[in-house]
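Residue numbers (my numbering): 352 to 506.
What follows is the structure in structure tokens.
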């Protein structure tokens with residue numbers, strides 16, 4: 352499953368929002384109806400993980416943490432404690448719990464952003480400006496792609 356794009360939607364008074372048809376079709380094609388929702392670690396948005404993507408993330412994190420290290424257990428606990436399973440209803444909507452709407456600053460209008468194997472949900476107001484200006488973005492992409500090319504040429 353690969354999610355791309357930036358699609359606007361509105362939540363109703365109960366916090367229900369239509370998952371964009373493009374994303375629903377990708378989920379259906381992969382046979383994934385269960386989604387896991389959590390607040391993003393770095394940004395003020397929500398992340399929807401299809402069950403398979405969630406399990407991969409969880410397995411990767413678990414494999415890097417020592418079960419017998421109390422600090423690692425606190426990190427793992429915090430990562431999994433704020434997760435909620437959400438399902439797409441027969442009308443194509445998910446319910447965003449009120450506490451998650453508050454965490455992400457969502458009032459009504461949202462943007463779904465496809466992030467390869469996950470979907471982010473942002474308060475529309477938080478995305479009125481681009482993440483980076485075009486010149487900075489271009490320079491950063493060039494730097495990253497050039498580093499990768501140099502590494503493969505030297506390796």
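The beta carbon of each residue, even a glycine, is placed where N, CA and C say it ideally should be.
**Request:** Would you grab the beta carbon distance between residue 440 and residue 389 for me? Rounded to a whole angstrom, and I think it's under 8 Å.
**Result:** The Cβ separation is near 20 Å, so there is no contact.
**Request:** With a 10 Å radius around its C-beta and 16 neighbouring C-beta atoms as the bar for buried, classify residue 444 as buried or exposed.
**Result:** buried
**Request:** Could you tell me if residue 393 is buried or exposed, where buried requires 16 or more neighbouring beta carbons within 10 angstroms of its beta carbon?
**Result:** exposed
**Message:** If I follow the unbroken beta strand (DSSP E) through residue 478, where does it start and stop?
**Reply:** No beta strand (DSSP E) holds residue 478; DSSP gives it neither H nor E.
**Item:** Opposing strand residues paired with residue 362 [DSSP bridges]
**Value:** 368
**Asked** If you follow the alpha helix (DSSP H) that residue 426 is part of, which residue opens it and which one closes it?
**Response** 421-432
**Item:** Closest residue to residue 406 among 395, 391, 385, 421 (Cα-Cα distance)
**Value:** 385
**Message:** Could you pull the DSSP bridge partners for residue 473 from this structure?
**Reply:** 462
**Message:** Among the candidates 473, 459, 458, whose CA atom is the shortest distance from the CA of residue 465?
**Reply:** 473
**Prompt:** Hey, would you say residue 380 sits closer than 8 Å to residue 369, going by beta carbons?
**Reply:** no
**Asked** Taking Cβ positions, are residue 399 and residue 451 nearer each other than 8 Å?
**Response** no
**Message:** Distance check for residue 489 and residue 495, CA to CA, integer angstroms please.
**Reply:** 10 Å
**Message:** Let me check one thing: in DSSP terms, what residues is residue 400 bridge-paired to?
**Reply:** 387
**Request:** Name the residue from 436, 454, 362 whose alpha carbon lies nearest to the alpha carbon of residue 401.
**Result:** 436
**Message:** Let's test the definition: count the other Cβ atoms within 10 Å of the Cβ of residue 471 and tell me whether it reaches 16, buried, or not, exposed.
**Reply:** buried
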